[in-house]
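J.:
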Amino acid sequence: MIPVRLSLAAGLAVMALAGPAFGAGDRVKPPAETWSFSGPFGKFDQAQLQRGFKVVKEVCASCHSMNLIKLRNLSQPGGPGFTASQVAALAATYTVKDGPNESGEMFDRPGRPADAFPAPFPNEQAARAASGGAYPPDLSVLAKARTYERGFPWFIFDIFTQYQEQGPDYITALLRGYTEPPAGHSPLLPGQYFNTYMPGNLIAMPQPLNDGQVEYPKGPDGKPQVPETVAQYAKDVSAFMMWMAEPHLEARKRIGMQVMLFLIIFAGLLYYTKKKVWSRLPEHASSH
Amino acid sequence: MSGHSTYQPKTGIERWLDARLPIVRLMHDSAVSYPVPRNLNYLWTFGGILMFMLVAQIITGVVLVMHYTPHATMAFNSVEHIMRDVNYGWLLRYLHSNGASMFFVAVYIHIFRGLYYGSYKAPREVLWILGVVIFLLMMATAFMGYVLPWGQMSFWGATVITNLFSALPVIGETIVTFLWGGYSVDNPTLNRFFSLHYLLPFMIFGVVILHIWALHVVGQNNPTGVEVKNVAKDTVPFTPYATIKDLFGMVCFMFVFAYFVFYQPNFMGHADNYIPANPAATPAHIVPEWYFLPFYAILRAIPDKLGGVIAMGAAIAILAFLPWIDTSKIKSMTYRPIARQFFWAFLVVCIALGYLGAMPAEGGYVIASQIFTVLYFGYFVALALIGIFERPRPLPASIADSVLGNLQGGSGARLGAATASAPNAKG
Amino acid sequence: MAHATETTGTETTRRDFLMLATGAAGIVGAGAVLVPLISQLAPDAQTVAAGAPIELDLAPIAEGQAIKLFWRGKLVFVRHRTKKEIDEARAVNVATLPDPQSDQDRVKEGHAQFLVVYGNCTHLGCVPLGNAPGDPKGDYDGWFCPCHGSHYDSSGRIRKGPAPLNLPIPPYAFTADTKIKIG
């Protein structure tokens, strides 16, 4: 067994030595949050999605587009749970450019649920020009487009723990992660901000959220049911962004459970059928 | 092995058809009465699983094309349209994208099973080479399929892989321009990749038919590597014995497949591919899909552009020559005490190369990649040498003997235990 | 070809039940797989949303004129009929028509001057002529389909030719005197 041991040892040594040296990099890993939508039975928290939408609408949407999100999505099953009439009323508050009409001119009309969430800028160039050269990315799938290296062996454990919330964890941490640069850090240029969780620590987005900035729905006692803090805003926004990125997550997990149960039963039946069939062999041996 | 046909047409219509197009006879002879060695273990169900995966990929793929738009400005959004608006579109797309990975999981198990039990040896050389051809076609298909969503990894994967051809002297640049249909990866590239991604699976299907044909001419190998001597004693009819066993294996495999589709659908993808393609910015860390990683590691291990491409090509091409490289007449590693250890070492080498392929090409990783690349090719050298001096353990006289316990050499029960710890897929 | 197989013949019932249960489960599974494969053929959420009702102002349509528009990708004619056309449509004996229907049933009460119909011939789907001032209007002052020669009257009813049915009426309602909502 010498070659086996040798190569096993060599392989493990490579992974053990190289992993921490390069895999983790100099990025600070975002802490793992608790999410209502994680795990095999995960579901979105509708109240959280509605709060998240409020923050997105009042804060994020002034710079970021959400081009893949249609207003009608807000009332579809498995989402924030707005009613169709709430969405129609919301849509009517937006002005959408449509056309051309018979005389060849573009015209404004009130929004409809079928319209996309209105973008703050007509194109990327306009967005850059208004944002000091940096492009505020589209938020539609951003929760699935952001991640961090899990490294060995965590990425293997993730298969079984079903951990897949790297995106929302990272976004939450980023929104909370604005600090003063540590002593000795090279001075920030105009339009640069220091963020603990941003790769390279320099981010072009100024701290977008502040305590008390967005008013949350009040409970029966007249106080907001959740704190109106950056920490809470960040989490609600991240949950909403996860829903935007994966709007059919609830259906996926629900159907998944049905499929898995069926496959277990079917596999069990097949196993006993197979045993029966093979037992017909007269000199059947114990193997297989 | 194919022997004479036992098909008996019962009705007049069957006799009429049989005299004109004996298709029912063909199906009967190849899927019902076809004799299967009775000692096959569950690793032999992966052929059927692969057939299932191929058909599943073709069906979900054809359906996805009904909603997909192959255009540089619309491809990304049309995939998101599938994920959001099309009824069960998210399911079909996740089935197809995870299906590609599961296809490779199955094919790597299938290949390593062939390597362990010497299924490439005479008289199965052509069968094996056809398998290598299928593997190559699968790699081309998977690569082009990954380009279609036109995300960042799609775009930069296409750029990096097509640029491999520029390593070829004299004609390299021309080939790359012809692959692109322009001066960079752009809409024409996406269009032709889409066309070929739709075509290649049907070519795979064609080669699979040849692969099965070759299989049915020479018959299946088996865990002892001893050829069938007495059809009555050594084999069972394909239906119902192999059919039901394959089905069970298939459903177990589907369980793993479904787990990823429903609970970890993006595990085997890259987050960067949810960012639309941007020719102005390369992702910080670009890696191919996991099933290409060992070959990617070999490519990067060689510090010379052309040399890397040649090494990577050779790593795949050498498989086709394996029937003549391995000098031992004994097929199954069960009876080859020395070669067997090298087999397991080779498996570890492949996994290590896969890990290194995912790591950045710097410092210790490059040196490790170079060591493991040498070890990868070293396996083939070892097989050429070991066969000369290795003293194999005694083989059972026949398949029936190995099953029924009249054993001179390895025992059937121990064989079962050995295969339970099946060769891992991360090859 | 003889294989190493002999049926022992025992436990037939239990095996049969097992086989039946396994087969049934297989059929259920195969059936379940068909659900997504077939329902993806149905209109997707975007198409459904785009098929929402539309509003139309009829005031710009002059008497004797007709306009074309699309709702859910289907062609719709809106015709502002003259007094003569209305009278012609109402004078006919309904019982003699190939697809008997009174003109009153085909327009909204109090808005008889506006006729709203789908604009594809009920024969094989061509677009009948008769909207533009110079178009042939057929023998009955309505529409004439040039593909196979169907004549529709000023109520959109089939009068002559191979088409079997009247031009269908899309769902619509008046929201104001000259405003309609289709859908």
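Quick note, the sequences are listed as chains A, B and C, same order. If you're matching positions, the first sequence starts at 53 in this note's numbering and goes up one per residue. If you're matching positions, the second sequence starts at 1214 in this note's numbering and goes up one per residue. If you're matching positions, the third sequence starts at 85 in this note's numbering and goes up one per residue. Backbone N, C-alpha and C fix where the C-beta goes; we use that ideal spot for every residue, glycine too. In this text the structure is predicted, and so the values were computed from the model without any measurement.
#1: Tyr1487 of chain B: which of B:Ala1427, B:Ser1367, B:Ala1471, B:Val1562 sits nearest, CA to CA?
#2: Looking only at its own chain, which residues have a Cβ that is under 6 Å from the Cβ of Thr106 of chain C, when we skip the five neighbours before and after it?
#3: Looking only at C-alpha atoms, which of B:Val1594, B:Gln1583, B:Arg1337, B:Met1546 sits nearest to Arg1604 of chain B?
#4: If I follow the unbroken alpha helix (DSSP H) through Val1587 of chain B, where does it start and stop?
#5: Can you pull the chain A neighbours of Val1449 of chain B, defined as C-beta to C-beta under 8 Å?
#6: With a cut-off of 8 Å on the beta carbons, I'd call Lys287 of chain A and Thr248 of chain A a contact; round off their distance for me.
#7: Step through the CB atoms of chain B and report whether any lies within less than 8 Å of the CB of Asp210 of chain A.
#8: Go ahead and pull the three-state DSSP assignment for Phe74 of chain A.
#9: Under the criterion of a Cβ to heavy atom distance below 7 Å, does Ala136 of chain C qualify as lining the ligand FMN?
#10: Measuring CA to CA, which of B:Gly1419, B:Ile1538, B:Trp1363, B:Ala1571 is closest to Leu1506 of chain B?
#11: Taking Cβ positions, are Ala195 of chain A and Gly219 of chain A nearer each other than 8 Å?
#12: In angstroms, rounded to a whole number, what distance separates the CA positions of Ile1342 of chain B and Phe1348 of chain B?
#13: From Ala73 of chain A to Pro1283 of chain B, what does the alpha carbon distance come to, in whole angstroms?
#14: I'd like to know whether the C-beta atoms of Leu1253 of chain B and Leu1277 of chain B end up nearer to each other than 8 Å.
#15: By DSSP, does Leu1253 of chain B sit in helix, in strand, or in coil?
#16: Using a Cβ-Cβ cut-off of 6 Å (strictly less than) and excluding sequence neighbours within five positions of Gly1395 of chain B, which residues of its own chain qualify?
#17: In the DSSP assignment, the alpha helix (DSSP H) including Thr131 of chain C goes from what residue to what residue?
#18: Tell me which residues share the same chain as Lys326 of chain A and place their Cβ nearer than 7 Å to its Cβ, disregarding the 5 neighbours each side in the sequence.
#19: Which residues in the same chain as Gly1576 of chain B place their Cβ atom closer than 8 Å to its Cβ, once the five residues preceding and following it in sequence are excluded?
#20: Specify, as a first and last residue, the run of the beta strand (DSSP E) that Arg163 of chain C falls within.
#21: Using the Cβ count rule (16 or more neighbours within 10 Å means buried), how would you classify Thr1372 of chain B?
#22: Express the C-alpha separation of Gly1520 of chain B and Ser1397 of chain B in angstroms, rounding to a whole number.
#23: Quick one: Cα of Leu1409 of chain B to Cα of Met1357 of chain B, how far?
#24: Using 8 Å as the cut-off, can you tell me whether the stretch 264-276 of chain A makes contact with the stretch 107-122 of chain A, which would need three or more C-beta pairs spanning the two stretches below that distance?
#25: First and last residue of the alpha helix (DSSP H) that includes Ile1295 of chain B?
#26: If we ignore side chains and look at the alpha-carbon of each, how far apart do Leu227 of chain A and Met118 of chain A end up?
#27: Name, please, each residue of chain B whose Cβ falls closer than 7 Å to the Cβ of Thr325 of chain A.
#28: Give the residues of chain A in contact with Ala136 of chain C, contact being defined as C-beta atoms less than 8 Å apart.
#29: Measuring alpha carbon to alpha carbon, tell me which residue in B:Asp1298, B:Ala1514, B:Phe1556 is nearest Leu1569 of chain B.
#30: Look at the alpha carbon of Asn215 of chain C and the alpha carbon of Trp227 of chain C, and state the distance between them as a whole number of angstroms.
#31: Could you check the C-alpha separation between Tyr1333 of chain B and Trp1363 of chain B for me, to the nearest Å?
#32: Ignoring anything shorter than 4 residues or poking outside the stretch 1399-1450 of chain B, list the alpha helix (DSSP H) runs there in chain order.
#33: At 7 Å on the CB atoms, spell out the chain C contacts of Asp1298 of chain B, in chain order.
#34: Please identify, using Cβ separations under 8 Å, the residues of the stretch 1272-1305 of chain B that lie next to chain C, in order along the chain.
#35: Reducing DSSP to helix, strand and coil, say where Ala1497 of chain B ends up.
#36: Under a three-way DSSP split, which group does Ser234 of chain C fall into?
T.: Quick answer:
#1: B:Ser1367
#2: none
#3: B:Met1546
#4: It spans 1576-1602 - the alpha helix (DSSP H) in which Val1587 of chain B sits, taken as one unbroken run.
#5: Leu333
#6: Wrong, their Cβ atoms sit about 17 Å apart, outside the cutoff.
#7: yes
#8: Low confidence applies here, because Phe74 of chain A scores a pLDDT of 42, under 50, leaving its location unreliable; read the following figure in that light. Three-state DSSP puts Phe74 of chain A in a helix.
#9: Looking at this structure, you won't find the ligand FMN or any other ligand, since it has none at all.
#10: B:Ala1571
#11: yes
#12: 10 Å
#13: Summary for Ala73 of chain A: the model assigns pLDDT 41, below 50, so the residue's position carries little reliability; its value from the coordinates is reported in the next sentence. Roughly 41 Å separates the two Cα atoms.
#14: no
#15: coil
#16: Pro1401
#17: 129-134
#18: none
#19: none
#20: 158-164
#21: buried
#22: Cα-Cα distance, rounded: 24 Å.
#23: 8 Å
#24: Result yes; three or more Cβ-Cβ pairs closer than 8 Å.
#25: 1288-1297
#26: Computed Cα separation, rounded: 18 Å.
#27: Ile1457
#28: Arg164, Pro165, Ala166
#29: B:Ala1514
#30: 8 Å
#31: If I take the Cα positions, the gap works out to 39 Å.
#32: 1400-1431, 1444-1447
#33: Asp128, Ala129, Gln130
#34: Ile1272, Val1276, Met1279, His1280, His1294, Arg1297, Asp1298, Val1299, Asn1300, Tyr1301, Gly1302, Leu1304, Leu1305
#35: The answer is coil: DSSP assigns Ala1497 of chain B none of H, G, I, E or B.
#36: strand
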